[in-house]
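Visitor: Residue numbering for the sequence shown follows the working numbering, starting at 60 and increasing by one per position.
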Amino acid sequence: MPSASTQETPPYAIEAYGLTKSYGKPAARVLDHLDLRVAHGSVFALLGPNGAGKTTAVRILATLTTADSGTARVAGYDVVADRSAVRRAISLTGQFAAVDETQTGEENLRMMARLTGLSRPAARRRAEELLERFRLTDAARRPARTYSGGMRRRLDLAAGLTGSPEPGVFFLDEPTTGLDPR
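1) If the criterion is Cβ atoms closer than 9 Å, does the pair Ser128 and Gly222 meet it?
2) Between the Cα of Leu220 and those of Met171, Arg211 and Ala199, spot the shortest distance and give me the residue it belongs to.
3) In angstroms, rounded to a whole number, what distance separates the CA positions of Gly135 and Phe230?
4) Should Arg168 and Ala186 be called a contact, given that it needs their Cβ atoms to be closer than 9 Å?
5) Suppose you measure from the CA of Leu106 to the CA of His99; what does that come to, to the nearest Å?
6) Near Thr130, what residues of its chain come up, given a Cβ to Cβ distance below 6 Å and the 5 sequence neighbours on each side ignored?
7) Can you check DSSP and say which residues form a bridge with Ala131?
8) Is the Cβ-Cβ distance between Thr161 and Ala199 less than 9 Å?
9) Can you tell me which of Arg194, Val133, Arg204 and Pro234 puts its alpha carbon nearest to the alpha carbon of Val145?
10) Report buried or exposed for Ala116, applying the criterion of at least 16 other Cβ atoms within 10 angstroms of its Cβ.
11) Span of the beta strand (DSSP E) holding Asp94?
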């Protein structure tokens with residue numbers, strides 16, 4: 060199968076067939092032959108009770124763990140054979156905000172932007188854009204430890220967009236944890 064770089068546009072943003080994953084001894088199956096196709100440009104939610112395998116599915120699709128069986132492609136790239144390409148094409152935020160509490164909101168975003176390869180001036184501009192977009196401009200120069208839980212979560216979501224304003228796929232694991240309903 061040709062790589063995504065030689066294809067015009069892969070048919071789906073996410074494709075998974077028969078994904079299975081077990082943990083522990085004795086093995087407890089947390090994902091049982093998951094089949095999934097998500098169209099480009101769509102918003103998709105994977106819902107289920109605690110322990111249903113939602114986070115495990117996201118971790119497999121984001122190349123943070125491997126499936127015991129099955130295949131998956133994200134943004135046209137195989138999650139096993141093309142891990143680096145998948146990681147360049149996605150953004151991911153976890154259930155809990157992962158921000159440096161000692162840095163300001165602006166410093167957090169600038170640091171993340173630099174880690175994704177933006178120049179200093181581009182990182183500064185990107186941080187300013189995201190602070191405004193996520194309604195954090197007034198708190199930009201305050202240490203993140205002074206933010207409310209909802210503000211820290213918004214900062215974390217903004218950090219997920221520092222490298223690309225429009226990632227091919229943006230995985231949000233438990234995205235509403237700690238957010239205000241506004």
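Glycine included, each C-beta is placed from N, C-alpha and C at the ideal position.
Guide: On the basis of the supplied data:
1) no
2) Met171
3) 16 Å
4) The amino acid occupying residue 168 in the given sequence is Leu; Arg does not appear at that position. Yes, they are a contact pair.
5) 19 Å
6) Tyr76
7) Ala75
8) no
9) Val133
10) buried
11) Ala87 to Val97
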